[in-house]
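Novice:
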Amino acid sequence: MSFASLGVSPALVSALAEQKYTKPYPIQEQAIPAILDHKDVLGIAQTGSGKTASYVLPILMNLEGKNTGSGRNINTLVLVPTRELALQVDDVFSSFGASLRYNVKSKAVHGGVSINPQMMSMHNVNVLVATPGRLLELYRAKAVKLDSVDTLVLDEADKMLNLGFKDELDRILSLLPTKRQNLLFSATLSPDIQNIERILLHNPLVIYIAPKELNIDLIQQVAYTVTDERKGPLLRYLIKTKEMKQVLIFTSSIYQADLVADKLKKNGIKARAIHGKKSQGSRNESMITFKNGSLTALVATDLLARGIDIEFLPHVINYELPRGPKDFIHRIGRTGRAENSGEAITFITKEDEHHFKVIQKKMKKQVNRLESDGLKLHGY
Ligand code: AMP
Numbered sequence: 024m025s026f027a028s029l030g031v032s033p034a035l036v037s038a039l040a041e042q043k044y045t046k047p048y049p050i051q052e053q054a055i056p057a058i059l060d061h062k063d064v065l066g067i068a069q070t071g072s073g074k075t076a077s078y079v080l081p082i083l084m085n086l087e088g089k090n091t092g093s094g095r096n097i098n099t100l101v102l103v104p105t106r107e108l109a110l111q112v113d114d115v116f117s118s119f120g121a122s123l124r125y126n127v128k129s130k131a132v133h134g135g136v137s138i139n140p141q142m143m144s145m146h147n148v149n150v151l152v153a154t155p156g157r158l159l160e161l162y163r164a165k166a167v168k169l170d171s172v173d174t175l176v177l178d179e180a181d182k183m184l185n186l187g188f189k190d191e192l193d194r195i196l197s198l199l200p201t202k203r204q205n206l207l208f209s210a211t212l213s214p215d216i217q218n219i220e221r222i223l224l225h226n227p228l229v230i231y232i233a234p235k236e237l238n239i240d241l242i243q244q245v246a247y248t249v250t251d252e253r254k255g256p257l258l259r260y261l262i263k264t265k266e267m268k269q270v271l272i273f274t275s276s277i278y279q280a281d282l283v284a285d286k287l288k289k290n291g292i293k294a295r296a297i298h299g300k301k302s303q304g305s306r307n308e309s310m311i312t313f314k315n316g317s318l319t320a321l322v323a324t325d326l327l328a329r330g331i332d333i334e335f336l337p338h339v340i341n342y343e344l345p346r347g348p349k350d351f352i353h354r355i356g357r358t359g360r361a362e363n364s365g366e367a368i369t370f371i372t373k374e375d376e377h378h379f380k381v382i383q384k385k386m387k388k389q390v391n392r393l394e395s396d397g398l399k400l401h402g403y
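For the sequence shown, the residue numbers in the working numbering are 24 to 403.
(1) For Ser118, verify whether its CB is less than 7 Å away from any heavy atom of the ligand AMP.
(2) In the DSSP assignment, the alpha helix (DSSP H) including Gly156 goes from what residue to what residue?
(3) In whole angstroms, what is the alpha-carbon distance linking Gly316 and Gln269?
(4) Report yes if the C-beta of Thr70 is less than 7 Å from at least one heavy atom of the ligand AMP; otherwise report no.
(5) Below 8 Å on the Cβ atoms is my contact criterion, and I expect Leu206 with Val64 to pass it. Report the Cβ-Cβ distance as a whole number of Å.
(6) Kindly indicate which residue of Lys46, Ala38, Gln42 and Ala34 has the alpha-carbon position closest to the one of Phe26.
(7) Hey, is the segment 75 to 88 in contact with the segment 54 to 64, meaning 3+ C-beta pairs nearer than 8 Å?
(8) At 3 residues or longer, what runs of the beta strand (DSSP E) sit wholly inside the segment 258 to 308?
(9) Work out the CA separation of Pro337 and Lys235 for me, nearest whole Å.
(10) Quick one, are the C-beta atoms of Met145 and Ala131 less than 8 Å apart?
(11) Using the beta-carbon count (16 or more within 10 Å), is Pro200 buried or exposed?
(12) How would you write the range of the beta strand (DSSP E) that Ala54 sits in, first residue to last?
(13) Could you check the C-alpha separation between His298 and Tyr162 for me, to the nearest Å?
(14) Which of the three DSSP states is assigned to Arg253 in this structure?
(15) Shortest alpha-carbon distance to Asp215 belongs to which of His225, Lys202, Gln303 and Asn185?
(16) Along the chain, where does the beta strand (DSSP E) that runs through Ala180 open and close?
(17) For Asn6 versus Lys128, is the C-beta spacing smaller than 8 Å?
(18) Put Tyr78 into one of helix, strand or coil per three-state DSSP.
Here it is in structure tokens:
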């Protein structure tokens, strides 16, 4: 199966090839023809399934010939739960949209930043990717008109509900024209999602993509026995001797995350801390630079790590143990996906021994132990 055989236009096929999308993913095989055919779609699929391109490509094609981007009227509205996702989706629209002969102007709007620049730049936008609260603010300020919306996407709808956006969603739906194409994506099919599905979708194509199983056996795990004082030097020793290019490091507190990142920087390793006390701007920058490879080490707390949307990481280091086995598996899970296998390293102090035993038991896996005593950490 090729993108061309799904009906994707030659211009987009070459843009796909440039971005190394050689073959459509299963969700794309099913969604692209249906969306081109103006059908409603319910996609039960997670991040990593290729769901974004599965709707971006056909929406871009459907925009051809439409009276796009006039004044403050938009054609396509994509609602997403978070700023990170808004930026990512907008990026996919803009990068593929740039290869088209007709005008596509997409824009991401989200809370947590000043609304004024967003209001000023709404002119001639035809694809708007928005978090629900900020969209309503822009609507109330008359910066955006919703009368011409003919395509609605709810992406990560389950997360939107979890974050408490139900009322905003209802309000937005009441403002949209009733005749439109609806595309709903969610990682799970909870009763809440089924409710939305009933209101929103007309005779939809339902696509179910089973979540990729996390295979713990794919993760190469080791644990170093180490004292608290030697943790910092050991961390830097490992990053340098293993020539790590992208490593996610976990600490148990904000204070430690800052401390570890500062020490790494002082030792010439490009590092940033990401946690709840950092501004949105700083978090965005950390994520972008970590993803594009210009940052070597990202030091995170568990809470923030949930928002780190990277499919596969070559290295994860547990500088400190998390509170429970679930968090532990969540942390190291990013290094064991499908055909990829990465490495998870855990630092264990004497005090951690019992807790780590519990984690290993829950994980049903005995982790290889290495002593750090013999390592020459001087100078690291
Ligand atoms: P998503 O599930 O939309 O977040 O996509 C997950 C990742 O897969 C993104 O980094 C995409 O760039 C990538 N991707 C999506 N579709 C394809 C494809 N057909 N071939 C290769 N990479 C893809």
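Think of the CB as a built atom: it goes at the ideal place given N, C-alpha and C, for glycine as much as any other residue. Here the structure is a predicted model, which is why all the values come from computation and not from measurement.
Specialist: According to the structure data:
(1) Along the sequence shown, read from residue 1 onward, the residue named residue 118 stands at position 95. Result no, Cβ not under 7 Å from the ligand AMP.
(2) Along the sequence shown, one-based indexing puts residue 156 at 133. It spans Pro155 to Arg163 - the alpha helix (DSSP H) in which Gly156 sits, taken as one unbroken run.
(3) Numbered from 1 along the sequence shown, position 293 holds the residue referred to as residue 316. Numbered from 1 along the sequence shown, position 246 holds the residue referred to as residue 269. Near 7 Å, if we compare the C-alpha coordinates of Gln269 and Gly316.
(4) Within the sequence shown, the letter at position 47 stands for residue 70. Answer for Thr70: yes, Cβ within range of the ligand AMP.
(5) Taking the first residue of the sequence shown as position 1, residue 206 is located at position 183. Taking the first residue of the sequence shown as position 1, residue 64 is located at position 41. At roughly 5 Å, the Cβ-Cβ gap stays under 8 Å, so Leu206 and Val64 are in contact.
(6) The residue given as residue 26 occupies position 3 in the sequence shown. Considering only alpha carbons, the answer is Lys46.
(7) yes
(8) 270 to 273 and 294 to 297
(9) Here residue 235 corresponds to residue number 212 of the sequence shown, with the count starting at 1. Here residue 337 corresponds to residue number 314 of the sequence shown, with the count starting at 1. Roughly 18 Å between the two C-alpha positions.
(10) If you number the sequence shown from 1, residue 145 lands on position 122. If you number the sequence shown from 1, residue 131 lands on position 108. Cβ atoms of Met145 and Ala131: not closer than 8 Å.
(11) Counting from one through the sequence shown, the residue named residue 200 turns up at place 177. The residue in question, Pro200, is exposed, as its Cβ has fewer than 16 Cβ neighbours within 10 Å.
(12) To locate residue 54, count along the sequence shown from 1; it is residue 31. Looking at the DSSP string, Ala54 is not in any beta strand (DSSP E); the run it does join, the alpha helix (DSSP H), is Pro49 to Leu59.
(13) Residue numbering aside, residue 298 sits at position 275 when the sequence shown is read from its first letter. Residue numbering aside, residue 162 sits at position 139 when the sequence shown is read from its first letter. Those two C-alpha atoms are separated by around 31 Å.
(14) Within the sequence shown, residue 253 is the residue found at index 230, counting from 1. Residue state, collapsed to three classes: helix.
(15) Residue mapping note: residue 215 aligns to position 192 of the sequence shown, counting from 1. Checked all of His225, Lys202, Gln303 and Asn185; the closest Cα to Asp215 is Asn185.
(16) Within the sequence shown, the letter at position 157 stands for residue 180. Segment Ala180 to Asn185 is the alpha helix (DSSP H) holding Ala180; no beta strand (DSSP E) there.
(17) The first residue shown for the chain is 24 and the last is 403, placing residue 6 beyond what the model contains.
(18) On the sequence shown, position 55 is the one that residue 78 refers to. If DSSP states are grouped into helix, strand and coil, Tyr78 belongs with the helices.
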